[in-house]
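Protein chains in written order, with our numbering: chain A, 1 to 143; chain B, 1001 to 1119.
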Ligand SMILES: Nc1ncnc2c1ncn2[C@@H]1O[C@H](COP(=O)(O)OP(=O)(O)OP(=O)(O)O)[C@@H](O)[C@H]1O
Ligand SMILES: [Mg+2]
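Following this line, the structure appears as structure tokens:
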């Protein structure tokens, strides 16, 4: 199975809020080309886009690594931003520390992480305050 | 609802060059918070918003929303339009405010596409 994995890597610019979303847009196109079920593409696109936006607006930029195998899509965001002090609190609907700039773009409702949890089959967050955050999303293709 | 009826109801100006006259929408959502669109919108209808930036287009893209109406006479910049255009979206602008624009479409029979939240 391992020889069937497609690996993709994206640098996520933390300085330009307006172009955020390009990695998610590309992955959506790749999944479409691979003929993945539209419902799975949609769940992947929404949860990845939330993660990408978080990497930009909270993580100050980072990288996204995507692994697509016949049975799952794994997305890992890594940043070296401020980190998350209390992950449980960050997971609550409505909790947000988004900046005024992020809010002006229509973000900061504190819905991203709960939404990622809802749409992905697994969401794993590892974070050290002052060092950064790693967010892993897994979407099963054949569940 | 056919987009011709939407356009007429909102007295909207179509800004994109994507063919639109034969397109139908079955539901709509009025929202300025992209987080909420991503969290609550159920099906691929039309988005009405007073927010103008490229993330509106990106959000619509992720949600498979193909029709966007900017309210209160807002006209997106060319780069935003180009982004929408590259994904065959239909973009229009209406001078009505968000609440009124949504109300007019609702009155014409276009339902909402956001599920009712438990209190
Ligand atoms: N990569 C990250 N680095 C640091 N903090 C983060 C990161 N991702 C999330 N957070 C913290 O978790 C909080 C909740 O994130 P969540 O995505 O749920 O909401 P939001 O981004 O604030 O708003 P929304 O996603 O609704 O636009 C953020 O406000 C932030 O404090
Ligand atoms: Mg978020």
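Think of the CB as a built atom: it goes at the ideal place given N, C-alpha and C, for glycine as much as any other residue.
Heavy atom of ligand 1 within 7 angstroms of residue i beta-carbon
i               : result
residue 100(A)  : no
residue 1015(B) : no
residue 50(A)   : yes
residue 1084(B) : no
residue 1062(B) : no
residue 107(A)  : yes
residue 112(A)  : yes
residue 79(A)   : yes
Sequence-distant residues of the same chain with beta carbon closer than 7 angstroms to residue i, five excluded per side
i               : result
residue 85(A)   : 129
residue 1041(B) : 1029, 1063, 1113, 1114
residue 1037(B) : 1029, 1031, 1047, 1059, 1063
residue 141(A)  : 36, 40, 70, 71, 72, 73
Close Cβ partners of residue i (< 6 angstroms) along its chain, the five nearest in sequence each way excluded
i             : result
residue 61(A) : 12, 13, 14
residue 10(A) : 23, 64
Residue i - DSSP class collapsed to helix/strand/coil
i               : result
residue 112(A)  : helix
residue 1085(B) : helix
residue 1080(B) : helix
residue 1029(B) : strand
residue 1001(B) : coil
residue 1(A)    : Per-residue confidence for residue 1(A) stands at a pLDDT of 49, beneath the threshold of 50, marking its modelled position as unreliable; no derived number is given.
residue 1046(B) : strand
residue 1037(B) : helix
residue 1098(B) : helix
residue 126(A)  : strand
Check: residue i C-beta below 7 angstroms from any heavy atom of ligand 2
i              : result
residue 140(A) : no
Own chain partners of residue i with C-beta closer than 8 angstroms, once the 5 adjacent residues on each side are dropped
i              : result
residue 80(A)  : 59, 60, 62, 131, 132
residue 185(A) : Since the first and last residues shown for chain A are 1 and 143, residue 185(A) lies out of range.
Does the structure place the segment 44-51 of chain A close enough to the segment 24-31 of chain A that three or more beta carbon pairs sit under 8 angstroms? yes
Check distances from the C-beta atoms of the segment 1053-1076 of chain B to those of chain A and list, in chain order, the residues that come in under 9 angstroms. 1053, 1054, 1055, 1056, 1057, 1058, 1059, 1061, 1062, 1063, 1064
Please identify, using Cβ separations under 7 angstroms, the residues of the segment 80-98 of chain A that lie next to chain B, in order along the chain. The residues in question: there are none.
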